[in-house]
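Structure below.
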C-alpha cells in the first residue's frame, strides 16, 4: 500500500513538474531556418552573430549568403529567391530595389569608411600622417594600390577619396599626380586581395574599408570625414567625386558618383520565417548584441539604429521599434 | 573481329565513349554558345589577342625552363637509387597538390620587402608582383612536376644496357646522353613540354594573386565574367581553347613516331 502511494505521489510530482516547465516556455520560441542575404563586407561580423544567436536559440538555423549588395537584392526582386533578411552595404539599394514591392522599411544600422592601410615594413611607415599621405603616395619607389574600380565598389571609392582630398586640401592636380605613381600592375580584382600583398611586403600602401583593416590587423590611417565616405551627412560633398567605370559591355562606360558607405537592413515582405527573422533582427540591432560585434569588427554602428521617418518607424515589428530612432 | 562482342572489349569501348562525352559535352556547349559575330568581334579586340599571346608565351617559357633544368633532374630520378628518393619524388609532386592561391602567396612572400630574397631581388631590379617575370615563375612552379614526371618515365623506358654499351666503348657521360639517350627520349621530352604548357595555360588561382595586370587569358576571362557577364567572357575562352587545341595537336603530330619506326 505504501509503495502504491509513493508511486502515485511521484507520478503526480512528475506531472506537475513537466507541466510547469511547459508553461514556463515562451509561447513560440523562434525556430527553423532564417535566410539572410548580406553584403560581402558583412561576412565576418554576421558569422559571429550567427554563432551567438544560434547558441541562444538552438532551434534556429541561420543560413547566410554573401555577395555584392546589388546582386543579392536583385536575387530577391527579380529572381524571387526566398530570403528573410537583406542587409546591404549601401542602404540606398534597399530603397531602390526592394521598397515598396519586396520590403516596407529600411533601417540604417552601421557605417564603414575608406582608410589607407600599411604595415611596419611599408616604406615611410614611420612618417605617414594625415598631412602627408598624399605626398608619400607620390614618392618614387612607394608601391600603392587599390582594387579594380570596374569590379569592386571599394576600387572606385578609393579613387573618390583621392579626388575629394584634392578638393578638401585645395591642391589642384593632386589626383592626377598621385595616380601617376600607381602603375596598373598594382591593381587587384578585390580589395581584400591587396591584404596579402601588404602582408608579404610586396605593396606599401593599400586602400581598404576600415572593417577590412580591423579584421586583418593592419595599420591604417584614418582620414577626415569630409573625404573618407564614412558619414552620410556629407553625401552632398561626396557627390563631387565621380569615377568612370566600365558599363554593361566592353567599350561602354558609366559614371559612379561619391556616396557614403552606410549599411541598411530590412525584412523581406514574403519572408518564409518572419518570426525567427524578427528575433534575429532584434539581436542584430541590439546595442549589446550585434551592434557591439559590428563595432569590434570596424563597422561603426548607429546606436540606436536609424530610420528616416516616423511613418517608417510605425511600420516596424513591435520588438524592433524600441531599437531605432527617427533621424534623417 | 571474332572478339567483337566479348564483354571486356564492350566495357573498354563503352567507358571510352562515356569519358569522351564527359569531356566534350561541356566544352561543346561552351564553344557553341557565342555567336560567330561575337567571336569575330572578340578576336579583333587588341586586349584579348594580347592576353592570349601572353598566356602562350609565358607558358611556353615555363616549359622551356622546365626542359633546361628539369631534364637532368628527371634523368637523375630515373637512373639513380639514393636515400630519400621517395621523399624527393613527393616534393616534386607538391605543386600539384597545393591549392593555387597558396602558391601565389608563397611566391609573393619570398619576393617581398623584408625577406632576404626579396631584398636581393629588389637590389637586382627584379620584380615579381605584377610582372611577366612573376607570371613565368608561377607557371614554372605549377608546370614543372608534369614535365619531370613525364620525362622521368620516358628515361626509365630506355634500357640502361644501351647506355652501358656506349660507355664501355669509351664515350663520356655527356656524349652518351647526347648520342644515345636523347635521340630515344626527345619525344617524351616534347610530350612533357606539352603537359607542362597545358598545365601552365590553365593556371588562374596563383596568377591572379601575383599578377592581375598584365592579364593572361584566364585572368581576362575572369575579369570579363565579373564585369560584363558570361556573354563577353565566353568568346575569350573559346578562342583560348581553339588556339591551344591547334597548338597541342601540332605538337602531338610532331611527336608521333614515324610509321616505319613503329
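Chains as they are written, first to last, in our numbering: chain G, 1 to 328; chain A, 1001 to 1262.
For every residue, glycine included, the Cβ atom is placed at its ideal position computed from N, Cα and C.
In this text the structure is predicted, and so the values were computed from the model without any measurement.
Neighbour flag for residue i against chain A, beta carbons, 7 Å
| i | result |
| --- | --- |
| residue 309(G) | no |
| residue 338(G) | Only positions 1 to 328 of chain G appear in this structure, which leaves residue 338(G) out of reach. |
| residue 249(G) | yes |
| residue 158(G) | no |
| residue 67(G) | no |
| residue 41(G) | no |
| residue 187(G) | yes |
| residue 200(G) | yes |
| residue 246(G) | yes |
Boundaries (first-last residue) of the alpha helix (DSSP H) holding residue i
| i | result |
| --- | --- |
| residue 306(G) | Unbroken run through residue 306(G) is the beta strand (DSSP E), 301 to 307; no alpha helix (DSSP H). |
| residue 168(G) | 153 to 168 |
| residue 1195(A) | 1182 to 1201 |
| residue 51(G) | 43 to 56 |
| residue 1176(A) | 1173 to 1176 |
| residue 245(G) | Per DSSP, residue 245(G) belongs to no alpha helix (DSSP H); it is in the beta strand (DSSP E), 242 to 246. |
| residue 219(G) | Not the alpha helix (DSSP H): residue 219(G) falls in the beta strand (DSSP E), residues 219 to 221. |
| residue 290(G) | 290 to 296 |
| residue 1133(A) | 1132 to 1156 |
Exposure of residue i, with buried meaning 16 or more beta-carbon neighbours within 10 Å
| i | result |
| --- | --- |
| residue 1083(A) | exposed |
| residue 1081(A) | exposed |
| residue 23(G) | Unreliable positioning characterises residue 23(G) in this predicted model, as indicated by a pLDDT of 49, which lies under 50. The coordinate reading is nonetheless provided below. Counting Cβ neighbours within 10 Å, residue 23(G) comes out exposed, since fewer than 16 surround it. |
| residue 163(G) | buried |
| residue 37(G) | buried |
| residue 139(G) | exposed |
| residue 1116(A) | exposed |
| residue 188(G) | buried |
| residue 86(G) | buried |
| residue 1335(A) | A query on residue 1335(A) cannot be resolved here, the shown segment of chain A reaching from 1001 to 1262 and no further. |
| residue 1240(A) | buried |
| residue 305(G) | buried |
| residue 1161(A) | exposed |
| residue 255(G) | exposed |
| residue 309(G) | exposed |
| residue 1095(A) | buried |
Anticipated Cβ contact below 8 Å, residue i with residue j, distance rounded
| i | j | result |
| --- | --- | --- |
| residue 113(G) | residue 198(G) | So it is not a contact: roughly 18 Å between Cβ atoms. |
| residue 1210(A) | residue 1129(A) | 6 Å |
| residue 121(G) | residue 1079(A) | 45 Å between Cβ atoms; not a contact. |
| residue 1214(A) | residue 1064(A) | With a Cβ gap of about 19 Å, residue 1214(A) and residue 1064(A) do not count as contacting. |
| residue 213(G) | residue 57(G) | Not confirmed; about 32 Å, so no contact. |
| residue 264(G) | residue 128(G) | The Cβ separation is near 33 Å, so there is no contact. |
| residue 1103(A) | residue 1138(A) | 7 Å |
Rounded C-alpha distance that separates residue i from residue j
| i | j | result |
| --- | --- | --- |
| residue 161(G) | residue 241(G) | 8 Å |
| residue 247(G) | residue 168(G) | 29 Å |
| residue 1073(A) | residue 1148(A) | 7 Å |
| residue 261(G) | residue 33(G) | 29 Å |
| residue 1152(A) | residue 1075(A) | 6 Å |
| residue 62(G) | residue 47(G) | 9 Å |
| residue 1057(A) | residue 1136(A) | 9 Å |
| residue 1202(A) | residue 1019(A) | 20 Å |
| residue 135(G) | residue 1122(A) | 23 Å |
| residue 26(G) | residue 182(G) | At residue 26(G), the pLDDT of 49 sits below 50, so the modelled position is not reliable and the matter cannot be decided from this model. |
| residue 1110(A) | residue 202(G) | 9 Å |
| residue 1011(A) | residue 1127(A) | 54 Å |
| residue 76(G) | residue 210(G) | 28 Å |
| residue 299(G) | residue 1194(A) | 50 Å |
| residue 151(G) | residue 1179(A) | 56 Å |
| residue 45(G) | residue 283(G) | 13 Å |
| residue 1143(A) | residue 83(G) | 44 Å |
| residue 288(G) | residue 250(G) | 48 Å |
Closer than 7 Å to chain G by CB, residue i
| i | result |
| --- | --- |
| residue 1114(A) | yes |
| residue 1237(A) | no |
| residue 1220(A) | no |
| residue 1215(A) | no |
| residue 1226(A) | yes |
| residue 1117(A) | no |
| residue 1134(A) | no |
| residue 1057(A) | no |
| residue 1230(A) | no |
| residue 1124(A) | no |
| residue 1052(A) | no |
Run of the beta strand (DSSP E) containing residue i, from where it starts to where it stops
| i | result |
| --- | --- |
| residue 1015(A) | Residue 1015(A) -> not in any beta strand (DSSP E); alpha helix (DSSP H) instead, spanning 1007 to 1032. |
| residue 61(G) | 60 to 67 |
| residue 332(G) | No information on residue 332(G) is available, as it lies outside the stretch 1 to 328 that chain G covers here. |
| residue 1112(A) | Taken as a continuous stretch (DSSP letters only), residue 1112(A) belongs to no beta strand (DSSP E), as it is neither H nor E. |
| residue 117(G) | 114 to 118 |
| residue 86(G) | 85 to 88 |
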